[in-house]
Structure formats: C-alpha cells, structure tokens
C-alpha cells in the first residue's frame, strides 16, 4: 500500500476553508483491506474527517477528502502538521502507516488604520488637526513606525511625516497629524493621506491605507462607487476555481437599511456551493439590529476585548444604560460554520461572555469582562475575569491598570486537573512638548488562560525632542513567554516546557528635514528559544540606519540593519545584515529586501554555516482606467531563500468593471509557483497553484444623483421663515448623515450635487459647537430642491485660561486640550468646549444663565465656577480663568 496526501503543504488563509486528499494506492497483486483511517488528534478547524473501511482491489486506488477551516482556533494554535494513521490488513498482516501535510501560516501582523470621524481641511482655520486610530491586530505587543504622506503636496504638507508607536496586543491608539500650508491658493482640491505602518522589529510594512480628506467648500460634489471593492449594500455571485481541485460557486451579500427614527438593520452572508461534491458551506452570515439604546446580532459572532479568543455561531446582545454605561452578553457554539455539509457533527464546545463598560468624562473607560469556555477538543473548561481601568489621567498623562483571574479544569480519562492563573499590567504615558515617556508592563502566570498566557513584558521608552526636526530616544524591552497547559498534546498545539525570551536595548537619533529623513539606532539584541525540538540562542550588536526622501509624488526609503552576531551553535562572530528598500509613486509601490546571514534566532533553524542569503521583491499598483469604469489592483512578487534553496514566484490581481451604475463584473486571479532546487542528497521539486474567480455584482443602493441647496438662517421670532432683519449663518459646517460635509458661504448657502434619493439627517456646527435646529433635522431628497433651514439664534461666548506665575517661574504651561464646561442652570444641560494651544475656548449658546467651570487636577483654578447671563442683543464679556501650576514649587532664600 502507498498512502500519502496529495499536497505536501497548504498555506492558511484566515477564515477560508481548505481541503487535502488522502490517496490510498494498492500496488500489489492482491486486495488489501483498509481497517480505518483516523486523524492523530482532533485538530482545531477540522470540518470533515473521512471514515473508510473497505477493500481496495489489486492495482486500484481510493481518494479521501479532508476538509478544514483556518479559523481563529487553528491560526493561533501551534499546530504545524496534520497527521493521519492508516490501518490496513495485507495477507493477514496488520500494518499502520502515518501520513501528513504541513500547515504554512501567514504572519498575523496586520495593523488597522481608521480615522476618528470625517477628515477635512478648512483653509480659513489657522490649525487643522487630523485624528486617526491605529490598532494592532496581532496577539503580541509591537513597536510600529508610521510614515505619513499627503498627496498632492504642492499646497499642503502633513506633519510629522514619521511617528513611533508602541501597541500592546489588540491595542488601539489615537494619533494626531497636522496639516500646514505650503503656499496660498485660490481653489481647494481634495487630498489623500497615505499612512504606511512598519514593524520596527522586522522593518517590514504591515499595513497601508489611503484616507480621503475633503476641503471645506460651499459646493460639495458627492462621489459614490469610486472604491474598487464595495463592501456595503451589494449582491455578488461568482464562479471560483482553486487549482482544479475545488470548483465552487460563491454567493455574497451585504445590506444595510435604516428603520424608524434611530434604528438600523443589516444582513451579511456568504454561501459556498461545491459542484464536485454537491455540498454547501454557509459562513460570515449575520443579522444585525441596532437602535440608540439596544443592539442584537444573530449568526456568526466575534467577541472583542475579552482577553480571550471568541468566535462561533450564536447570539450577541448589547444595551446602553444611561449615558456612560454599556453592557454586552453573548452565547455561542465554537463552530464558526453556520451550516456545513462537510461537518462530521463534532461539537467544538460552547462559550458565554459578559462585558460591562463605563465611560468617564476624560474619554477613558473602565471595562469588566467574564468568559466561560468549554473546549471539547482539549477537554478543558475555562472561567476568566478581566478588568481594565484608568488610575489617573489628565491632559498630559495617563496611568492605567489591568488584571485578570482564570480557572481551568481538565476532565481527563484517568485524572482531573485544575489550575488557577492571574495577570496584572500597569501602563503609563506622559506627553510633554519636549519629551514623552512610555512605560508598558505586563505579567501573566503560566496557566492564566488569557491571550497572553505565561508572558512577562517590560517596554520602556523615553523620547526627547531636540528641535522641530530632531529627536532622541532610548528604549528597553524584555519579553518572556513560558506557557503551561493542562492538556499537553502536541496535536492540539500545546507544547510543554517551551520558552521564548527576547531582550532589546536601543538608543536612537532622528532628523526629519523638509527634503530628507535620517535616523540612527545602535542596539543590543538577545533572543532565546527553547522547544521540544531544539534550543536556539542569538545575540547581536547592531546599528539600524534609515534614510528617506520625498520629492513631490516620489517617495524613497532605504533601511540597513547590520552588526556582529553570535550563535549558540558556533563560536566567533558573524556579520549579519538586512537591507530594505521602498519606493512609491502615486498608486505604485515597489519594495525589496535582502538578508545576509541570520538576523534573528528563528533564522537559525535553517542555518548550518556557509552561505546564507535570502531576498525578495514585490511590485503593486492600483488600477483605475476607462474613466473610472475599471478599478482594482495588481501585485507581483518573487522570493529566493538560499538557506532552503528555493524560489517562489506569485501574482495576485482583483478587478471590478462597471457595466452600469448598478452592475459590475468582478474578477480575481492568484498564481503561486514554488521550486526547490534540491542538493546532492535531496532531489529538486516544484509545485504551482492557480486560483481564479469571475462574478457579477449588483449595487443595492441607487446611483441617481440630485442637487440640494440649503440656506441656513437664525430664526429670531421662531416663525419658520426668513425675515429681512434675521441673520444668515456663515462659516458653519453643514453635515448630511455626518459624512457629507460642506461650509456655508457669507450668504448662508451650501450646495450638494449627485445626492442619492433617500432620507438624510442634518446637523449644523460652528466653532466646534452644534447649533440647535428648529425641527428640520431630517430631510427627504427625491429631486432637485432648495430648502431654508431655520436655527436657534446663538451667542458666542469666548474665554481664555491665563497662568498666574511666580517671579522666578520661566516654565510655559501646557493647557491645550482641557475641557471647559457650560451648564445651563435652567435645564441642567451641559456643553463642552476644548482649549486650543494658547488656552482659548469658545461656545455657541442660546439665551440663558450658565455656570462655566473647569475640572482639572493638575492646575489650581483661582476663579472657577463663574456664572454668566446671556441676553439677545448683548455681547458677553470675555471669560478669563486664572490658574496656578500645582506641580511647580519655587522657594526663595535671601542671604
């Protein structure tokens, strides 16, 4: 009997199902009885495992299909090989053969980038700040470098062009980008902000996104369907072929609709039908219902921020309690497929979770989680409680704390084991004009069941700003992972007595000029890896050099990281180095890397001395042609690994061609060719893989545009019509559905073009304060129309914070971003304004009596809680809040 898997290795794609074929070939002259075919263990993500108990005739063969899905459980596990045992009887003799294939994983290094609301540029404002969230999607802490580029950059520039962030696993952080004028112009184009994220450890790009920035103007042309991949309100059907092994039809849909005044309903679904086997998978399918106070999701569910990996099929409910509290509960089966004909009926277990959050006025929140998990594969039942809370926060610093407790219970065949674990972390961030300090520390015991099981991390970084273009920093990082598991079966990915240790000491200097960027960073690195297979030890004294240059639409960047390295397996020093080059022009990006000798401990797995050279290159471009009818992207790459004597060539493309405003043809093609050159003892080998799809997509939203003109005025006598003596509102931001933005001109007009028919919510803000509308906060657009919008007359109230200084005090206080509160003493309603860099603030308030006050622990407010009466026709005096810096003590002694 010859038994083997058709594919020696398979590359996992997150959330995608995959198959491999067991081949049973009888090469003898007599029949062979196959007693059974069994998986060595119950692998996570196993959807279908064949059972076979028949005879195979002489010179005959049988093929059996194994089906799995690359869900979270499999991706985060340490399973690197799937193995099966084939039991057979040949001529009265029983035999056992073990076969398997290797699982290859893509690195979970993606970083998501999301703007905080709409990004726009106001030419009339002296300061334009963009706020963007950066979220680490990996399950490990990372240090990231952000490179920021604005196009076109002839009139505006984005500062800073580089930022360094330290993010914990799944942590999200808010960054600020400032837009500055290069020259005055008389027209205002829209802009694109390119944000590229690089992992400082590997110096590789892990994410890149282009964010649209709209200039505020009185005429706004609304553009739809300019994204090559439309993820909202569509239906798509496609034919898919995966290297002729799997032919299937895919149906995808996403639909969102507003219901009532504050409700939304959404439906998302993916269905795969395999024509060869006439079997069906249903996944990524969910029904969402959301109101202002309540939400519900039914179907495929993810649990976020639980300190535990949660995904499956079930129900999630959410509720808002009061203005600052939210509660979420979920219950699900750990099987991610909503329905599958491939399923063998084995239940992976169940999960239940509860999450409660309270939001403080500072914007920070305290969160308490509880998770119950029953894992039928490992036979472990888990209870986990996790708490995250701020300890102290003000405009300059944040001190936060987190802790967790867990209990694991293993109901084994011959014994029962229970283990408790705990975790604790404390993080501190201080941001001052000249220096900033980051301190992130975390410990979890070996049997703590959170995502950072058995880890110890210290990451300390101090930055000092020498000038606007120069900065210094010093950093110390240590991370140690020694995980323990109740079930130590390797097939489940649980490896006992393993250890991962990393130390880094680094100092750096950076200079960011208008035409060139340079940074130098000498460092010492130590890495130690111990597994059941081997022990690897690595240390190096290195220097990282980075040089970048931007020239209009061209952007160059070259990095070199090299130095003396020492390995546990050999004596003496080896000079190891890595080169990384990146070039971008508009929507074209080219990158290349080269490694000469091992630059980390993982490379030692393939290093036995001698020549060690790895290099790769890739080219990618966005496609936009035929007057925006054809959109998509194309990428081409090549890798060479001298250590494994292998070549890898790959190509990927995705296109969308518009047949009409509502219909599109879609296509995808992926090709991968791998060639192992072999050596004196091992023969050469090669394999290739081609995947493609063709489909048709229909947009569920209308694309017929309408013109809308709005005239905003202050209705002083509340008669819902504009009178000759009433004031037109100029320089106000008018938003439709919070994302279609325009600015009123001197006559109070804004104009929108190409609006789709439907209902729109309307809001008007001025000086960062929302202006109350007289009932017309919702509009229905069916045709070209002009509407006069009455607003309640407001009066400006401006103020400033002024420091009272000692004679010998020459320190400049930082009072930017401090909240100022205005409470209406009649209604109790409170509005908030924020100070700018000079301590100025302003409100737009209606007539009434207000108490204006500040809540801040750092400064002593001398004249807090001021009351002011606002009356029509009268101009309010400027409010002055005098304060003293409580942190600064000056003592004088006379001789």
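In my numbering, the protein residues as written are 4 to 898. Backbone N, C-alpha and C define an ideal beta-carbon position, used for all residues, glycine too. Small disclaimer: the values here were computed from a predicted structure and weren't measured.
Between which two residues does the beta strand (DSSP E) carrying residue i extend?
i: residue 564; result: 557-570
i: residue 421; result: 419-434
i: residue 545; result: 538-554
i: residue 324; result: 313-324
i: residue 648; result: Premise fails: residue 648 is in no beta strand (DSSP E) and is neither H nor E.
i: residue 928; result: A query on residue 928 cannot be resolved here, the shown segment of the chain reaching from 4 to 898 and no further.
i: residue 213; result: 207-218
i: residue 686; result: Per DSSP, residue 686 belongs to no beta strand (DSSP E) and is neither H nor E.
i: residue 469; result: That residue, residue 469, is in no beta strand (DSSP E); it is neither H nor E in DSSP.
i: residue 509; result: 502-515
i: residue 620; result: 616-628
i: residue 307; result: Unbroken run through residue 307: none, as it is neither H nor E.
i: residue 456; result: Segment: none, residue 456 is in no beta strand (DSSP E) and carries neither H nor E.
Within its chain, find whatever has a CB closer than 7 angstroms to the CB of residue i; leave out the 5 residues flanking it on each side and keep chain order.
i: residue 606; result: none
i: residue 879; result: 798, 800, 871 and 873
i: residue 413; result: 382, 383, 419, 420, 489 and 490
i: residue 12; result: 104, 105 and 107
i: residue 429; result: 404 and 444
i: residue 474; result: 466, 467, 468 and 513
Kindly list the residues whose CB is nearer than 6 angstroms to the CB of residue i, restricted to its own chain and excluding five residues on each side of it in sequence; keep chain order.
i: residue 585; result: 560 and 594
i: residue 762; result: 783
i: residue 100; result: 6 and 89
i: residue 23; result: 8, 10, 69 and 104
i: residue 301; result: 290 and 318
i: residue 493; result: Low confidence applies here, because residue 493 scores a pLDDT of 48, under 50, leaving its location unreliable and the question unanswered by this model.
i: residue 253; result: 241, 243 and 275
i: residue 539; result: 532, 604 and 607
i: residue 674; result: 654 and 693
i: residue 2; result: It is not possible to answer for residue 2, since the shown part of the chain is limited to 4 through 898.
Relative to the C-alpha of residue i, which candidate in the options has its C-alpha closest?
i: residue 575; options: 591, 542 and 565; result: 542
i: residue 642; options: 665, 657, 627 and 618; result: 618
i: residue 715; options: 670, 29, 777 and 273; result: 777
i: residue 558; options: 476, 17, 78 and 197; result: 197
i: residue 860; options: 754, 724, 602 and 400; result: 400
i: residue 280; options: 344, 125 and 818; result: 344
i: residue 236; options: 245, 255 and 118; result: 255
i: residue 326; options: 361, 116, 533 and 292; result: 361
i: residue 323; options: 358, 17 and 689; result: 358
i: residue 503; options: 515, 483 and 510; result: 483
i: residue 511; options: 640, 476 and 487; result: 476
i: residue 600; options: 589, 612, 314 and 199; result: 612
i: residue 518; options: 436, 164 and 92; result: 164
Would residue i pass as a contact of residue j if the rule is Cβ separation under 8 angstroms?
i: residue 722; j: residue 770; result: no
i: residue 461; j: residue 72; result: no
i: residue 242; j: residue 697; result: yes
i: residue 353; j: residue 336; result: yes
i: residue 390; j: residue 374; result: no
i: residue 321; j: residue 355; result: no
i: residue 182; j: residue 137; result: no
i: residue 793; j: residue 718; result: yes
i: residue 123; j: residue 213; result: no
i: residue 249; j: residue 271; result: no
i: residue 610; j: residue 625; result: no
i: residue 239; j: residue 830; result: no
i: residue 774; j: residue 802; result: no
Counting only beta-carbon atoms, is residue i nearer than 8 angstroms to chain C?
i: residue 800; result: Absent from the structure is chain C; it holds one protein chain and no more.
Only counting the same chain, and skipping five residues up and downstream in sequence, which positions put a Cβ closer than 8 angstroms to that of residue i?
i: residue 55; result: 27, 37, 39, 40, 65 and 67
i: residue 566; result: 543, 544, 545, 546, 578, 579 and 580
i: residue 166; result: 148, 149, 151 and 178
i: residue 316; result: 302, 303, 304, 335, 336, 338, 339, 340 and 341
i: residue 15; result: 21, 73, 77, 78, 106, 107, 108 and 109
Is residue i near the ligand MG, with its Cβ less than 7 angstroms from a heavy atom?
i: residue 238; result: Because no ligand of any kind appears in the structure shown, any question about the ligand MG cannot be addressed here.
Task: beta strand (DSSP E) runs wholly inside the region 778-834, at least 3 long, in chain order - done: The qualifying runs are 781-784, 788-794, 798-806 and 822-827.
Task: Complete beta strand (DSSP E) runs within the region 371-403 (minimum length 3 residues, chain order) - done: Along the region 371-403, the beta strand (DSSP E) occurs as fully enclosed runs of 3 or more residues at 383-396, listed in sequence order.
- [ ] Could you name each continuous beta strand (DSSP E) segment of 3 residues or more that falls completely within the region 703-744, going from the start of the chain to the end?
- [x] DSSP runs (the beta strand (DSSP E)) wholly in the region 703-744: 709-717 and 736-739.
Open item on the list: Report the start-end ranges of each beta strand (DSSP E) in the region 45-112 that is 3 residues or longer and not cut off at the edges.
Closed with: Listed in chain order, the complete beta strand (DSSP E) runs (minimum 3 residues) inside the region 45-112 are 49-51, 64-72, 84-93 and 96-108.
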